[in-house]
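Read the structure below first, then the notes.
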Amino acid sequence: MSSKTIFQRIIDREIKADIVFEDDLCLAFRDVAPQTPVHVLIIPKTPLRSLNDVTDEHANLAGHLLSVARRLAGELGLTNGYRLVTNCGPDGGQSVDHLHFHLLGGRALGWPPG
Ligand code: AMP
């Protein structure tokens with residue numbers, strides 16, 4: 001059995017995803033279980049496990065992921081606002097150990113999260 005995460009398998013094209021953006025550094029695809037009308041995951045191609053693996057060494061990559069999120073929000077029509085979330089570790093509700101940002105929008109979102 002493969003020890004790759006499901007997101008690494010999407011990067012490696014071993015399983016299909018509804019990809020909305022890709023470049024050398026990252027991939028963005030629609031969440032298979034969307035929580036909002038627009039729910040896209042933005043992931044680095046480099047296998048960082050969570051935000052806890054991000055250091056100053058990744059400053060360019062981290063900035064790029066945020067820039068891609070902002071651009072996708074515009075392209076996906078989230079003109080009235082959106083939320084960008086990363087769940088980190090068990091208490092954060094992280095279920096896939098590959099850093100990812102949830103881009104959520106298309107309706108008014110509640111606060112605080114559960
Ligand atoms: P998290 O709980 O923050 O780790 O988020 C993981 C997200 O990945 C969840 O929202 C899942 O619905 C989503 N997910 C899991 N497998 C897939 C897949 N094969 N394609 C797209 N999204 C997925």
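The numbering of the sequence shown is the working numbering, which starts it at 1 and goes up by one.
A virtual CB, placed ideally from N, CA and C, is assigned to each residue, including glycine.
Using only CA atoms, which one of the options lies nearest to residue i?
i: Leu65; options: Gly106, Gly81, Ile11 and Lys45; result: Lys45
i: Val70; options: Ala59, Leu61 and Arg83; result: This sequence places Arg at residue 70; Val is not what is there. Of the candidates Ala59, Leu61 and Arg83, the one whose C-alpha sits nearest the C-alpha of Arg70 is Arg83.
i: Phe29; options: Val68, His58 and Asp56; result: Val68
i: Phe7; options: Asp31, Asp53 and Gly74; result: Asp31
i: Trp111; options: Val85, Gly89, Thr55 and Ile43; result: Val85
Taking DSSP as the reference, what is the three-state secondary structure of residue i?
i: Ala28; result: strand
i: Pro44; result: strand
Looking only at its own chain, which residues have a Cβ that is under 6 Å from the Cβ of residue i, when we skip the five neighbours before and after it?
i: Asn87; result: Gly93 and Gln94
i: Ile15; result: Arg9
i: Ile19; result: Phe29
In the DSSP assignment, find the unbroken beta strand (DSSP E) run with residue i in it and report its ends.
i: Arg49; result: Taken as a continuous stretch (DSSP letters only), Arg49 belongs to no beta strand (DSSP E), as it is neither H nor E.
i: Gly105; result: Phe101 to Gly105
i: Val96; result: From DSSP, Val96 is part of no beta strand (DSSP E); its letter is neither H nor E.
In the DSSP assignment, the alpha helix (DSSP H) including residue i goes from what residue to what residue?
i: Ile15; result: Ile15 -> no alpha helix (DSSP H), and no H or E assigned at all.
i: His64; result: Ala59 to Glu75
Counting only the same chain and skipping the five closest in sequence on each side, list residues whose C-beta sits under 7 Å from that of residue i.
i: Arg49; result: Asp97, His98 and Leu99
i: Arg107; result: Thr36 and Pro37
Answer yes or no: does any C-beta atom of chain B fall closer than 8 Å to that of residue i?
i: Gly74; result: Absent from the structure: chain B. Only one protein chain is present.
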